[in-house]
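Chains as they are written, first to last, in my numbering: chain W, 1 to 278; chain U, 279 to 556; chain D, 557 to 834; chain X, 835 to 1112.
Below, the structure is given as structure tokens:
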């Protein structure tokens, strides 16, 4: 059975790692189509990603690699296939809508299992596409109780990634640790500029000539997770902050879309508070 | 009645035109919020656009301006309101879908009256949004007959703009003259590079490092109408032409979206084969 | 005598200002080539810039405008000609060198009267171009004494703009008030991200995917003056902070160059802590 | 002796090439810092580049690799050091000046051995930097005779790359074959748009909203060599073609600068009419 797989390895750096990894692959009949390797010299860590094909014994290869590279190595090997995702959103349609259209036309490398929101407003849009919509209001609930209700829904799905498509609530570390490094957020500013509330108003008040958007992995510190992708557009003095918000939506959705493509193609490594993207 | 209007004037250049135009506006109680003026020195033509408010007598002002500026002057004055559009498309969902989502969430400064296509494939998508979908197959029809059928549908609507959202057929000059300067197309290349069929394949074969998209007014010459908006993204040797096509869709839709915003806000002048955009 | 002039007006907004200004110009035989107008609705202030030609009586026109628009109006009218500048720098050659080359080949709309630096290192470069180089070491001097020495040199020239081409010292408000709104700085980050020391190291540590540069008017608050121009380049995990610094130099110089073009063409208005750029 | 080297390999694709190459490196005590690999599946060719260090026996490693990979393999291995270049130019100072400044401040990974020009105009600029300037007028000479005179000068230097910094004459295939794949040109348009004379005038006449520049390897067909780097800037209706030319110079020099960095760091492979850039 000749299939396509992704292999990702990261481990403490030492001499000969490319040789060791490629030897295991070669001797198991695996053909490398493309690979990239990077050593973080500051932290002495080795990162390797390959797209391969062949008649592949996944478990055997993983075991051999683990044995050769030691217990500090992370070994990931997976067939190239669609990821399963759940989307969280609040009130804005643009980022969610962009993902729905891509999903509909087969351009998204993922299955949308469900959408969860603390408002009902986007329900009609989501249900047009026959995707389950879970409305879980935060009203009258503590943050913890609200998150517990969301988690209960999420846990009913087998999820590869949680996508925050303009989900406007802060997630607690307790929530995040259920999906460590597997929650992707789109932030409506060029981080680290304009952390916090209403970045477009902040940008307007500062009189910037460029605004941006940032897709990042969510970790314990709000707006401070590893950055996956960023992009910008030019603005000028004729833009009110509402105009900036409106213009910004176009890059919010394209930056998120770009980050999702990278994530769903297994192209992202987490390296401390940064990403390595091959 | 205090409302918002757009005034656009273009006429042969002469001394004192800003004065003459602003005098008419001032004496009719109109307040200019913002204006831009440009003289094409090569062709000696004056272009003026203003956003105004006040208790406005549209017909009186237009008549006074016409009288002052002469018969060669084009005078346009309109309340700021949503334009009425019909979208033509073929098989691809991305540009159409982007407009549908914007329309749905109230971000599009236009009403979509209908979608017309030579294929049925996008019908379920369009009908999710309760917009009429006219399927008019070109099979077995001459180009002229096919266009006649489309025109019959279009004429049943009162249309400000026809939007070609990846409509993959060439329009005859006879068709175009029904909507002179009011048909907007998105071309999937950075014009004038890669005119003609499959620009992404052409771009791949040439080994370019940047691909682009171009929104333009449709005139009699394919791919040669006045350009409204262009944008680009970077590609590299790892992109197949299919990858370029896929990446290109993101800018196709954002460039078209940008061009539509400019058109629906009456910010575009046609100046020979070029646009002036205020 | 038929010449080219720039007219800039800003004043409290009221009805009919375009009419009033253009009437004065028209009745004085001035022809508007291009103009832009903008009303800051938040602060009720009117901004107008025109490029004109004709047989122009500068003082008469300025007086008439001042009379019509009142004492709160700023009226600027100047022949289009090269500005006179002095450049301050420290140790890095790239931004300074870029200006020197442009000056040498006649592309800079300014005369460089002199270069002032707190180091001697760039003296040989500047003197190649027969431009006076004033070395004023800060060593052993208080900030105030150092600035007094610099001011003494600057005051010996008739200066339109002071250009900080990577001058790595903070200027006191006392110094700045000698050239209010006429000192232009290039900051090596995408402000307001990474204010303060070594922004490239900060950017590296944060793991951003885009770095930028910002040209701004210097006011009393470090890194917080009105922004004129910004631009960005993409970076990735393979960049050390030294690599970012090196790549960043290309945009530092192009952003500064762009800002200088805007300033020397009288295209910038200061509006509180922001710029309006026509 | 522990030094830094670059290794580049390209050869017909087959299974296990990463393994084979990395085995040779490992067994010769070479440590891979970073590597990239790419297989052109269309043409079945393998490309590999690594930055390595260690006590390296260059000739032994090259021989072993050649033996293992066969005669169709290109093996390149070189110490990381400055390249030697000669610059050809005509009349414009911006691209040349940018390289001179970078060279002066130690930012260019190359030694400029000489500048050759068919005009005298840039001689004073070049000689400021104590670099030999060879003025070889084309007047009264056939293209072939002119090129012979240039070649005579070039052959007196040991050159890694010829850089055409706005050298405005077409080179014959006979000339080019002396430096196959080692002549880098900056073209003042976003190729393949606006091939031929005065691309800025062409761009102006077409009314484009974006102009660009392209750095490419020179081959036998004018403007059709493998593209290394491209970039763009936005323009609008207010730009005359002279304005476009002026604005374009900023990206001409930055695109050329970027391409030179890639070339001097041995990051470019030629793959038919394209480049692979690691």
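For glycine and all other residues, C-beta sits at the position ideal for the given N, C-alpha and C.
In the pairwise beta carbon analysis, the stretch 28-43 of chain W is classified as touching the stretch 858-875 of chain X: at least three pairs are separated by under 8 Å.
The Cβ atoms of residue 919 of chain X and residue 946 of chain X lie closer than 7 Å to each other. Boundaries for residue 416 of chain U: no alpha helix (DSSP H) harbours it, and the DSSP string shows neither H nor E there. Just measuring C-alpha positions, the residue of D/774, D/567, D/748, D/578 sitting nearest residue 722 of chain D is D/774. Using beta-carbon distances, residue 1050 of chain X does not count as an interface residue toward chain U, since no partner is under 7 Å.
Rounded to the nearest whole angstrom, the C-alpha separation of residue 227 of chain W and residue 766 of chain D is 10 Å. In this structure residue 1026 of chain X is buried. Its beta-carbon is surrounded by 16 or more other beta-carbon atoms within 10 angstroms.
The continuous alpha helix (DSSP H) containing residue 817 of chain D extends over residues 797-820. Excluding the 5 residues flanking it on each side, residue 231 of chain W has same chain C-beta neighbours closer than 7 Å at 212, 213, 251, 254, 255, in chain order. Here residue 19 of chain W is not near residue 56 of chain W, since their CB atoms are 7 Å or more apart.
Neighbours of residue 868 of chain X in chain W, taken as residues whose beta carbon is under 8 Å from its own, are 37, 38, 39 in chain order. In the three-state DSSP reduction, residue 514 of chain U falls in the coil class, being neither helix nor strand. Among the residues facing chain U, residue 565 of chain D is not included, as its CB has no counterpart in that chain under 7 Å away. Distance from the Cα of residue 771 of chain D is smallest, within the candidate group D/743, D/833, D/789, for D/743.
With a minimum length of 4 residues, the unbroken runs of alpha helix (DSSP H) contained wholly in the stretch 95-170 of chain W fall at 123-128, 143-155. The beta-carbon of residue 18 of chain W is placed less than 7 Å from the nearest beta-carbon of chain X.
Within 9 Å of the CB of residue 219 of chain W, no CB atom of chain D is found; the nearest one sits about 12 Å away.
Residue 250 of chain W has a beta carbon lying within less than 7 Å of a beta carbon in chain U.
Taking 9 Å as the cut-off between beta carbons, none of the residues of the stretch 436-455 of chain U comes near chain D. For residue 883 of chain X, the closest C-alpha among the options X/843, X/862, X/972 is that of X/843. Contact annotation: residue 847 of chain X and residue 917 of chain X have beta-carbon atoms that are not nearer than 7 Å. Collapsing the DSSP output to three states places residue 619 of chain D in a helix. Between the stretch 856-864 of chain X and the stretch 892-910 of chain X there are three or more inter-stretch CB-CB distances shorter than 8 Å, so the stretches are counted as touching. For residue 326 of chain U, the uninterrupted beta strand (DSSP E) run begins and ends at 323-333, by DSSP. Contact holds between the stretch 682-700 of chain D and the stretch 651-670 of chain D, because three or more Cβ pairs, one in each stretch, are under 8 Å apart. Residue burial is scored here from C-beta neighbours: residue 452 of chain U has fewer than 16 other C-beta atoms within 10 angstroms and is therefore classed as exposed. A straight line joining the alpha-carbon of residue 1068 of chain X with that of residue 198 of chain W spans about 29 Å.
For residue 856 of chain X, the closest C-alpha among the options X/902, X/1083, X/991, X/837 is that of X/902.
Taking 7 Å as the CB threshold, residue 104 of chain W stays off the interface with chain X.
Within the stretch 1057-1082 of chain X, contact with chain U at the beta-carbon level (separation under 8 Å) is assigned to 1060, 1061, 1062, 1063, 1064, 1065, 1066, 1070, 1071, 1072. In the DSSP assignment, residue 564 of chain D forms a beta bridge with D/605, D/632.
Residue state for residue 731 of chain D is assigned as helix, using DSSP reduced to three classes. For the stretch 81-100 of chain W, the residues whose beta carbon sits under 9 Å from a beta carbon of chain U are, in order, 92, 93, 94, 96, 97, 98, 100. A distance of 7 Å or more separates the beta carbons of residue 179 of chain W and residue 244 of chain W. Separation of residue 515 of chain U and residue 1098 of chain X (C-alpha to C-alpha, rounded to the nearest whole angstrom) is 19 Å. By DSSP's assignment, residue 772 of chain D forms a beta bridge with D/741, D/783.
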